[in-house]
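Asker: Take a look at this one; I'll ask things after.
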Amino acid sequence: MLIIASRGLCQLRRPAPWRYRAVTAPAAEAGRAEPPRAARPVGAALCQGVGGEPRQKNAQVVILTRVEEGRPGGGPRVLLQLRSREMPVMPGHLATVGGMRDRSDRDSRDTALREVWEETGLVDPGRLAGAAGPARRRALELGAPPPLELRKFGEGAHVDWWVLLLEGAGTFEPRARDAHECQDAAPVLPLLPEGSSLAPCFGHAWVRSPTRLSLDSATSAPAYR
1 MLIIASRGLC QLRRPAPWRY RAVTAPAAEA GRAEPPRAAR PVGAALCQGV GGEPRQKNAQ
61 VVILTRVEEG RPGGGPRVLL QLRSREMPVM PGHLATVGGM RDRSDRDSRD TALREVWEET
121 GLVDPGRLAG AAGPARRRAL ELGAPPPLEL RKFGEGAHVD WWVLLLEGAG TFEPRARDAH
181 ECQDAAPVLP LLPEGSSLAP CFGHAWVRSP TRLSLDSATS APAYR
């Protein structure tokens, strides 16, 4: 599943039994993700922020929590969404959160924060510096803790890749604005690695990575808090 998180996509296809298959994503100007261009293994890239400064590009966000770390079968979880089969872009794919840059976004960091809130209803990033006013107000109203870290770790031709490390399991709106872009993830849960679970936001799952990741961020690379 680590390769799914790093490439952003995994397509679920029938016939039964359902299976998932990693695919490489086409260009991001079509609203699609691209593999992050990182010279190191993705675990090191996530930790060390090798992606440089944010650009005026689309954004994909690998949302991680380590709330289960230290428990039997524990370890980092990544939040993945099951795209609706009715969507014109990436229908039926299991993907990281993210999307296209709006004109109002100053850079890919703004895009990342906006897309996370719109697609998942996760309000924790509203506690970060530079978050939009409505997102910040909702984070304070719901008592969400600030994320431990938001860090850029890779680039594609048209997309910047970010990692968002949460403090705990995340605080979510009752329903995300763009929940219609997803489909129920419950039917595919048995196909995901053992220890994965449905997330509070519709169409998303916390997916356990069977690959051990070190999430310690002792590095001189810039973090965006």
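Under the UniProt record's numbering, the first residue of the sequence shown is numbered 1, with each subsequent residue one higher.
Glycine is no exception: its CB is placed at the ideal position from the N, C-alpha and C atoms.
Everything numeric in this text was worked out from a predicted model, so none of it was measured.
#1: My understanding is that Ser-104 touches Arg-55, with C-beta atoms under 8 Å, so please give their C-beta distance in whole angstroms.
#2: Let me confirm a value: Asp-124 is counted as buried when at least 16 other C-beta atoms fall within 10 Å, else exposed. Which label applies?
#3: DSSP has Ala-186 in a bridge; who is on the other side?
#4: Specify the secondary structure class of Glu-155 as computed by DSSP and reduced to three states.
#5: Scan the stretch 60–112 and note each continuous beta strand (DSSP E) run of 3 residues or more that stays entirely inside, going in chain order.
#6: Relative to the C-alpha of Arg-127, which residue among Glu-119, Ser-84, Ala-95 and Leu-165 is closest?
#7: Which stretch, first to last residue, makes up the alpha helix (DSSP H) that contains Ala-135?
#8: Would you give the residue range spanned by the beta strand (DSSP E) that residue 228 belongs to?
#9: In this structure, what does DSSP give as the bridge partners for Arg-208?
#10: Is it buried or exposed, residue 239, if we count other Cβ atoms within 10 angstroms and call 16 or more buried?
Answerer: On the basis of the supplied data:
#1: In fact, because the Cβ distance is near 16 Å, the residues do not count as touching under 8 Å.
#2: buried
#3: Answer by DSSP bridge pairing: none, since Ala-186 is not bridged.
#4: strand
#5: 77–82, 93–95 and 97–99
#6: Leu-165
#7: 133–141
#8: There is simply no residue 228 to check, as the chain begins at 1 and stops at 225 in what is shown.
#9: Arg-77
#10: A query on residue 239 cannot be resolved here, the shown segment of the chain reaching from 1 to 225 and no further.
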